[in-house]
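Step one of this worksheet: look at the structure below.
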Ligand SMILES: Cc1cc2nc3c(=O)[nH]c(=O)nc-3n(C[C@H](O)[C@H](O)[C@H](O)COP(=O)(O)OP(=O)(O)OC[C@H]3O[C@@H](n4cnc5c(N)ncnc54)[C@H](O)[C@@H]3O)c2cc1C
């Protein structure tokens with residue numbers, strides 16, 4: 004049996020890794036449009052500095068998958084204590100915000116604590132993300148940090164986002180809020196307190212480690228953009244930019260919205276295309292800035308909710324170790340999200356870089372643009388799935404349609420779910436197992 008996987012990111016590679024041991028599979032083909040596998044787990048280089056598409060750290064509550072990732076990296080792996088900060092009025096507040104309230108100006112502390120203790124929204128059912136924040140944290144923490152930060156990263160009003168991403172965030176106990184306001188910093192999200200990162204090669208080192216474990220059954224086809232898929236009497240015909248393929252079975256990890264359009268089926272309901280076009284997602288611009296001075300200290304990532312600063316997050320790459328550092332300088336990665344046709348999308352790369360440099364000056368990380376040694380910028384269309392109010396309904400409809408066509412959807416944009424690397428690998432393992440259980444392999 005021949006299984007063909009559309010797309011060649013972590014999802015495809017980890018799926019091939021798990022499926023290859025099955026005796027009933029003779030061939031696995033991975034079709035990737037770019038010249039290199041890895042998708043958003045790829046790593047790029049500027050002036051010797053390796054950087055990812057946003058900082059890709061390795062952490063998980065899923066011990067089996069975490070052990071697998073760390074094991075694959077072996078010696079090329081280093082443990083770090085997470086040091087994330089929220090930059091609020093030039094103050095460094097430890098992440099998560101509610102655990103370090105004493106760093107705020109006194110009037111903001113009073114607003115956060117008072118609104119938390121006397122919260123009129125507490126007993127309502129939260130129907131959207133904003134309601135969840137107000138109900139769980141009160142108006143102060145919501146208005147000072149959660150609302151502006153989320154508006155900035157999603158470029159989508161949290162009133163129109165559902166609660167899928169946030170519903171598992173626990174309500175902080177009253178005692179913790181009071182302790183945090185009085186000056187005690189409470190460590191939150193314990194499974195994220197430590198993370199690992201490749202000593203060299205960035206996140207793509209993990210992709211390369213996975214690829215090294217793929218056996219003879221797996222054939223990788225790069226520069227093979229899938230442009231058409233059709234069901235035939237005995238399988239599927241796949242049209243790509245570098246020729247046609249046939250497959251007994253396919254799994255798609257390419258963006259589900261695009262897949263709906265290239266899938267040829269005379270009976271395809273018109274509503275599938277409409278649903279596909281209603282899936283919301285963000286693109287990202289990654290901007291690297293190497294500067295002469297280091298005002299960030301021994302910290303890694305900084306969240307910036309201030310609307311006057313273009314980026315929502317910056318990360319200090321030097322934090323990851325000697326291979327990500329140039330002596331006498333500091334290198335930052337700034338992230339700017341956007342959607343097709345918004346003002347960030349329409350801005351030129353030079354305009355975005357200049358806004359990033361301006362932002363670094365505003366937050367006090369450089370004295371002036373004269374401090375900048377070099378910059379780099381790259382844009383990636385698919386970065387974040389947006390859980391808008393119709394997301395669940397839309398994706399259920401699309402998954403249901405493709406499962407009737409015998410096709411499985413896997414991966415961050417393949418299944419259109421907000422999944423990190425650990426969850427992607429778990430999803431691949433589960434899919435390989437469930438196909439086997441269903442007698443499909
Ligand atoms: C800014 C940012 C920060 C992140 N940080 C972390 C982190 O710290 N820790 C963590 O665990 N995870 C992180 N992630 C998540 C992680 O990147 C994803 O979970 C993972 O890369 C998803 O892999 P994938 O294979 O599903 O998707 P992708 O990497 O998008 O792979 C899809 C592949 O399909 C290919 N493709 C698309 N269309 C076609 C076509 N028509 N024909 C052929 N090929 C096609 C693409 O080129 C791509 O290679 C982050 C993601 C982002 C965007």
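Numbering (the working numbering), first residue to last: 4 to 444. The C-beta atom is built at its ideal place from N, Cα and C for all residues, glycine as well. Keep in mind the model is a prediction, meaning the values are calculated, not measured.
Taking the C-alpha atoms as reference points, what is the distance between residue i and residue j?
i           : j           : result
residue 7   : residue 49  : 34 Å
residue 178 : residue 84  : 26 Å
residue 375 : residue 293 : 6 Å
residue 128 : residue 316 : 31 Å
residue 269 : residue 158 : 37 Å
residue 410 : residue 252 : 7 Å
residue 215 : residue 138 : 48 Å
residue 397 : residue 281 : 8 Å
residue 78  : residue 135 : 42 Å
residue 431 : residue 18  : 5 Å
residue 370 : residue 364 : 6 Å
residue 186 : residue 100 : 13 Å
residue 36  : residue 118 : 51 Å
residue 151 : residue 141 : 14 Å
residue 204 : residue 380 : 19 Å
residue 378 : residue 438 : 46 Å
residue 351 : residue 402 : 37 Å
residue 426 : residue 404 : 24 Å
residue 335 : residue 346 : 23 Å
Is the separation between the beta-carbon of residue i and that of residue j shorter than 8 Å?
i           : j           : result
residue 333 : residue 310 : no
residue 217 : residue 75  : no
residue 3   : residue 395 : Nothing in the structure corresponds to residue 3, since the chain is present only between 4 and 444.
residue 34  : residue 229 : yes
residue 115 : residue 156 : no
residue 163 : residue 330 : no
residue 275 : residue 290 : no
residue 98  : residue 306 : yes
residue 220 : residue 30  : yes
residue 94  : residue 107 : yes
residue 417 : residue 14  : yes
residue 194 : residue 64  : yes
residue 161 : residue 170 : no
residue 421 : residue 257 : no
residue 243 : residue 38  : no
residue 91  : residue 222 : no
residue 367 : residue 303 : no
residue 73  : residue 80  : yes
residue 68  : residue 415 : no
residue 434 : residue 255 : no
Short of 8 Å in beta carbon distance, which residues of its chain neighbour residue i, apart from the five on each side in sequence? Order them along the chain.
i           : result
residue 386 : 43, 56, 57, 284, 285, 286, 287, 340
residue 249 : 5, 235, 238, 239, 240, 241
residue 408 : 234, 266, 268
Which same chain residues end up closer than 6 Å to residue i when comparing Cβ atoms and leaving out the 5 residues on each side of it in sequence?
i           : result
residue 207 : 41, 45, 46
residue 279 : 260, 263
residue 247 : none
residue 301 : none
Going along the chain, which residues of its own chain have a beta-carbon closer than 7 Å to the beta-carbon of residue i, five neighbours each way excluded?
i           : result
residue 189 : 102, 179, 182, 183
residue 265 : 229, 230, 231, 232
residue 111 : 147
residue 60  : 198, 200
residue 359 : 290, 292, 313, 314, 337
residue 509 : This structure cannot speak to residue 509, because the chain is shown only from 4 to 444.
residue 175 : 101
residue 227 : 34, 35, 36, 243, 244, 245
residue 125 : 138
Determine the extent of the alpha helix (DSSP H) in which residue i is found, giving its start and end residues.
i           : result
residue 211 : 207-214
residue 134 : 132-144
residue 394 : 394-407
residue 55  : Run containing residue 55: none in the alpha helix (DSSP H); it sits in the beta strand (DSSP E), 52-55.
residue 262 : 259-265
residue 125 : Note, residue 125: premise wrong, no alpha helix (DSSP H); not H, not E.
residue 114 : 109-120
residue 274 : 273-280
residue 178 : 177-185
May I ask which residues mark the beginning and end of the beta strand (DSSP E) holding residue i?
i           : result
residue 90  : 87-91
residue 365 : Careful: residue 365 lies outside any beta strand (DSSP E), inside the alpha helix (DSSP H) at 352-365.
residue 447 : Any question about residue 447 goes unanswered here, given that the chain covers just 4 to 444.
residue 379 : 375-388
residue 31  : 30-34
residue 97  : 94-97
residue 304 : 304-307
residue 333 : 333-341
Just list the residues that DSSP pairs residue i with in beta bridges.
i           : result
residue 104 : According to DSSP, residue 104 bridges with nothing at all.
residue 150 : Answer is none; residue 150 lacks a bridge partner.
residue 41  : 12
residue 250 : 239
residue 198 : 83
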